[in-house]
Amino acid sequence: MTARQMASFAPHETGTLYLVPTPIGNLDDMTFRAVKTLQAVDLIAAEDTRNTQKLLNHFDIKTKQISFHEHNTQARIPELLARLQNGEAIAQVSDAGMPSISDPGKELVKAAIEAGIPVVPLPGANAALTALIASGITPQPFLFYGFLPRKASEQTAALEGLADQPEAVLFYESPYRVAKTLRAMQAVFGERQAVLARELTKKFEEFIRGSLTELIDYAEASARGEFVIIVAPGAPKPAAVSTLPLKAQVQAKITAGARPNDAIKAVAKANGLKRQQVYNEFHGIEESE
């Protein structure tokens, strides 16, 4: 099996699927290319046609829309694929930000790729990255999770799976659940530094930085707007020190396939000892006074 190669702008017989980000609040964040693309395509597949129509009106875009959201995805994909295969160009947009990122789109992208239809992404607004770069938390590496499950048991299981991640973790949350979600995070993660980014790019944009306890206090007192939650990684756990004698530790690594010298180095590092000390212990060499 060979990799499938597809040049976005090479001549092709089908139409093209364009993934067009839209502003997350401030309409000035719409790019020139996004406007031109929405004007040029034959159809816009929108998460909410009423919401998108306001954007189209603002930029004087006359292109027709069709609804494409989480409740009609499977029914709509065959229709959109047929139009793409007939040569039409379609732009897919979500209500705000990047298509497919906690929004509809990924199923259509996968179906288009499998059908040999070019998929062209446009860069643009994204709430998670916008929040991250201003958070004050080390931005690289990071893990984007999005919305946690709503069911308490599933949410706890998801958080437990993230507890030992060595990077910052980014979440989305609504104002109605943010306090409850922060309490669940504290219960699993313990006390950590975190940031709430609220109403990004809008008039009341705000960053609340502090411990999870401090953010819980804020959220319980006042939680309005859509939130990005960024949780800093926890302190690294100290490596477990083996209770086996040094010679047995070295032998265990050799038995597992390590070369003797490599095993001695590894055991010395794990125990905070000099290599020579472990070497002497393994070979039964008494250190001279």
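Using the working numbering, the first residue of the sequence shown is number 5, and each one after it goes up by one. Where a beta carbon is used, it is the ideal one built from N, C-alpha and C, also for glycine. Quantities reported herein were computed from a predicted structural model and do not represent experimental measurements.
Counting the other Cβ atoms within 10 Å of the Cβ of S178 gives fewer than 16, which makes it exposed. Taken through DSSP and simplified to helix, strand or coil, V199 comes out as strand. Take L42, set aside five residues on each side of it, and the residues of its chain with a beta-carbon closer than 8 Å to its own are V24, I48, L60, F63, I65, T67, A95, V97, in chain order.
For S12, no beta strand (DSSP E) run applies, since DSSP gives it neither H nor E.
Using a Cβ distance threshold of 9 Å, R202 and R228 count as a contacting pair.
Taken through DSSP and simplified to helix, strand or coil, G101 comes out as strand.
Closest in C-alpha terms to I212, from the list F193, K206, G194, V232, comes V232. For V282, the CB contacts under 7 Å within the same chain, skipping 5 residues up- and downstream, are L250, V254, I268, V271, A272 in chain order.
For E171, same chain residues with a beta-carbon under 7 Å away, outside a window of 5 residues either side, are P145, F146, L147, P237 in chain order. Residue S246 holds the alpha-carbon nearest to the alpha-carbon of N275 among T20, R263, S246. DSSP places S226 in the coil class of the three-state scheme, outside both helix and strand.
Only exposed fits P15, as fewer than 16 other CB atoms lie within 10 angstroms of its CB. With the rule of 3 Cβ pairs closer than 8 Å, the region 124–131 does not count as touching the region 152–167.
Here F193 is not near L174, since their CB atoms are 9 Å or more apart. Contact annotation: A167 and I234 have beta-carbon atoms that are not nearer than 9 Å. With a beta-carbon spacing of about 6 Å, E111 and I81 fall inside the 8 Å limit used to define contacts.
Beta-carbon to beta-carbon, L204 and I70 are separated by about 28 Å, too far to satisfy the 8 Å threshold. Per the coordinates, the alpha-carbon of E17 lies some 16 Å from the alpha-carbon of D46. A11 sits away from T26, with the two beta carbons spaced by 9 Å or more. At the C-beta level, A131 and E230 come within 9 Å of one another.
Rounded to the nearest whole angstrom, the CA to CA distance from I105 to A198 is 22 Å. The alpha-carbon separation between Q78 and G165 amounts to approximately 30 Å. CA-to-CA, the gap between E224 and Q57 works out to about 35 Å.
Just measuring C-alpha positions, the residue of L133, G288, N284 sitting nearest Y176 is L133.
Between A115 and P122, the gap from beta carbon to beta carbon reaches 9 Å or more.
For V271, the secondary structure class from DSSP, reduced to helix, strand or coil, is helix. Of the other Cβ atoms in all chains shown, fewer than 16 fall within 10 Å of the Cβ of S226; this residue is therefore exposed. In this structure, N55 places its C-beta atom within 9 Å of the C-beta atom of D99.
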